[in-house]
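Undergrad: According to the working numbering, the sequence shown is numbered sequentially starting from 99.
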Amino acid sequence: MLFQISRNITELHSILEHKIASRLEQVHRLKYTYGSVKIEDIKIEQIVKGMRGMTTQLTETSMLDPEYGIRFRGLSIEECQSKLPKKYTQPYVEAMIWLLLTGEIPSESQVETMRKELASRSFLPMHTEEMLNSMPTSLHPMSQLSMGVLSLGHRSQFDKLYNSSIKKKAYWKPMLDDGLDLIAKIPKIAAIIYRNTYKDRIVRKPDSSADLAESFGRMLGWDDKNFYDLLKLYINIHCDHEAGNVSAHTTHVVGSALCDIFKSYSAGLNGLAGPLHGLANQECLGWLLNLKENVGDYPTDQAIADYVKKTLSSGNVIPGYGHAVLRIPDPRFIAQLKFAGQMLPNNALCNLVAQCYKVIPQVLKEQGKAKNPFPNVDAHSGALMYSFGLVENDFYTVLFGVSRAIGCSVNLVWDRALMFPLERPDGLTITTMSEVCKKK
Ligand code: HAX
């Protein structure tokens, strides 16, 4: 069975084909010429502490530097904001997708091509809508999202072609097709979950004349260009964060067993739903609203510091602060801080976030436990959404999931293009490891 590509993406295919050929050569050289080179020694504490600082994967889309933050294909958030084609104040999500896939800054016409392609794929199969409509609203929105994504698997081109004559070298092509399908359809799944769980169960159709963020905003129920701008900022800064975070890594591991993108990303979403990962944005807003209730709209720094100490002494972490890799204020937090400063200069909740940023790092430094006392991405996102009227905080991780679908899909396309193998690290029992230590 021959694989048909949509006419819209023939240029994208040929750009990728060219880039993949040269990257494959490099991977081949790494494997066969430099295969025995050691790049770092593994310490026992790294194994015990969740593989921190251990290089375990090759990834093309983004790099996270502890002292600099995220770079998408080498570009900082600010560089993306100034170089990628934009509408209103923020780059198109379609431009970010193109950048992650190809490593190139797209032209306006390439962005429009991507927009049209995604718009043409944005409708859901009937059974997915029926399944979502039959879910109890008491089921966490992230569980609904994970099942919604899994239900798209019947469309998987990769699954269909895997058992046909398609060569391993060409696996990335149906993977790209599936990835574009996932990225295009997940906004409608999220919108149905939102409207069913909190509103009137009526969902607008995707708007095929709008870009992805605007169409998503309309389906959620907003007619506000500043909200569409916020969605573009939100989706662009959350879409990828190197390969080791729980959602990206899970998607990659499941994909390495040659599962299709829908099964792989559904698993990744279940990881994103954990409170130490994506669910932190939900917890963060809850904590912030409690703080506001306790200290009022215009608190003193001391009142905030006292509340933070109370949270810590009750054995809880401060949501939105700290990071497994970063050692600076998260540039994704700073981008949101700037956006709030421009769009909502008199908003009490966003101003409270800014004041917390002045106070909390010092309290965490004094406590002396967190390696990074600074805010991460989640410290701001909830306050912005809340201020634009999206107040249901257990929906926030779903927004994160809509965005992360981009980085996870692009990574899987590249995993198949570079023909990465099944991932299968070794494990040792505690007794064996203790014996190894004694011998050393
Ligand atoms: N408040 C209080 N204590 C904190 C803390 C915080 N915000 N961040 C870290 N610590 C504590 C840890 O709990 C740990 O204590 P124990 O030794 O008693 O276990 C100690 O400081 C050392 O932790 P660390 O090495 O600095 O951090 P980790 O790499 O282990 O964990 C976390 C990173 C993000 C999970 C952590 O900072 C945390 O729990 N933060 C709050 C939750 C949060 O904001 N999560 C979202 C992270 C961003 C993300 O992935 N979003 O999706």
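For glycine and all other residues, C-beta sits at the position ideal for the given N, C-alpha and C. All figures in this text were calculated on a predicted structure; none of them were measured in a lab.
Return helix, strand or coil for Pro473, following the three-state DSSP convention.
TA: Looking at Pro473 - three-state DSSP - the assignment turns out to be strand.
Undergrad: Taking its Cβ as the centre, do 16 or more other Cβ atoms sit within 10 Å of Cys535, making it buried, or is it exposed?
TA: Exposed, by the Cβ-count rule.
Undergrad: Tell me Met161's beta-bridge partners as DSSP assigns them.
TA: According to DSSP, Met161 bridges with Arg169.
Undergrad: Is Gln179 a contact residue of ligand 1, with contact defined as CB to any heavy atom under 8 Å?
TA: Checking every heavy atom of ligand 1 against the Cβ of Gln179, none is found closer than 8 Å.
Undergrad: Considering only heavy atoms of ligand 1, does any lie closer than 8 Å to the CB of Tyr484?
TA: Tyr484: no, Cβ never under 8 Å from ligand 1.
Undergrad: Label Asp524 either buried or exposed according to how many other C-beta atoms from any shown protein chain fall within 10 Å of its C-beta, with 16 as the threshold for buried.
TA: So Asp524 counts as exposed.
Undergrad: What's the gap between the Cα of Thr108 and the Cα of Gln465?
TA: For Thr108 and Gln465, the distance between alpha carbons rounds to 56 Å.
Undergrad: Using only alpha-carbon positions, find the residue among Gly342, His336, Gln255, His238 that is nearest to Ala371.
TA: Nearest C-alpha to Ala371: His238.
Undergrad: Less than 8 Å between the CB of Phe498 and some heavy atom of ligand 1, yes or no?
TA: Correct: Phe498 has its Cβ closer than 8 Å to ligand 1.
Undergrad: Kindly examine ligand 1 and report whether one of its heavy atoms sits closer than 8 Å to the Cβ of Glu340.
TA: Incorrect: Glu340 has no Cβ contact closer than 8 Å to ligand 1.
Undergrad: Looking at the C-beta of Cys454, does it have a partner C-beta in chain D at a distance below 9 Å?
TA: In the structure shown, chain D does not exist; there is a single protein chain.
Undergrad: Please name the residue in Ala477, Ala468, Ser254, Val247 whose C-alpha comes closest to that of Pro417.
TA: That would be Ala477, whose Cα lies nearest to the Cα of Pro417.
Undergrad: Roughly how many whole angstroms lie between the Cα atoms of Leu510 and Gly420?
TA: About 28 Å.
Undergrad: Give the DSSP bridge partners of Tyr419, in chain order.
TA: Partner(s): Pro473.
Undergrad: Assuming Ile402 contacts Val451 (C-beta within less than 8 Å), just tell me the rounded distance between them.
TA: Not confirmed; about 11 Å, so no contact.
Undergrad: Compute the minimum distance between the beta carbon of Pro523 and the heavy atoms of ligand 3, and state whether it is under 8 Å.
TA: With respect to ligand 3, the structure offers nothing, as its ligand set consists of ligand 1.
Undergrad: On the DSSP letters alone, give me the boundaries of the alpha helix (DSSP H) that Glu109 sits inside.
TA: It spans 108-130 - the alpha helix (DSSP H) in which Glu109 sits, taken as one unbroken run.
Undergrad: In the DSSP output, what is Pro189 paired with across the bridge?
TA: Beta-bridge pairing links Pro189 to Lys184.
Undergrad: Just to confirm, is the Cβ distance from Phe518 to Ser254 under 9 Å?
TA: In this structure, Ser254 does not lie closer than 9 Å to Phe518 by Cβ.
Undergrad: Express the C-alpha separation of Ile359 and Gly532 in angstroms, rounding to a whole number.
TA: Note on residue identity: the sequence assigns Ser, not Gly, to residue 532. Approximately 39 Å, taken between the alpha carbons.
Undergrad: When you compare the CB positions of Leu243 and Pro223, do they come within less than 9 Å of one another, or not?
TA: For Leu243 and Pro223, no; Cβs fall outside 9 Å.
Undergrad: Just mark His126 as buried or exposed, buried being the case when its beta carbon has 16 or more other beta carbons within 10 Å.
TA: Exposed: under 16 other Cβ atoms inside 10 Å.
Undergrad: Would a C-beta distance cut-off of 9 Å place Leu114 and Leu199 closer than the cut-off?
TA: Result yes, Cβ atoms of Leu114 and Leu199 sit closer than 9 Å.
Undergrad: Kindly examine ligand 1 and report whether one of its heavy atoms sits closer than 8 Å to the Cβ of Ala378.
TA: Result yes, Cβ under 8 Å from ligand 1.
Undergrad: Gln380 lies in the alpha helix (DSSP H); which residues open and close that run?
TA: Taken as a continuous stretch (DSSP letters only), the alpha helix (DSSP H) holding Gln380 covers 378-393.
Undergrad: Could you check if Arg299 is buried or exposed, using at least 16 other CB atoms within 10 Å of its CB as the buried criterion?
TA: Burial call: exposed.
Undergrad: If you count every other CB in all the chains shown that lies within 10 Å of the CB of Thr131, and 16 or more means buried, which is it?
TA: It counts as exposed.
Undergrad: State the DSSP-derived secondary structure class of His339, mapped to helix, strand or coil.
TA: In this structure, His339 counts as coil in the three-state DSSP scheme.
Undergrad: Once DSSP output is grouped into helix, strand and coil, what is the label at Glu210?
TA: Helix, per DSSP.
Undergrad: For Lys469, is the beta carbon positioned less than 8 Å from some heavy atom of ligand 1?
TA: The answer is yes for Lys469.
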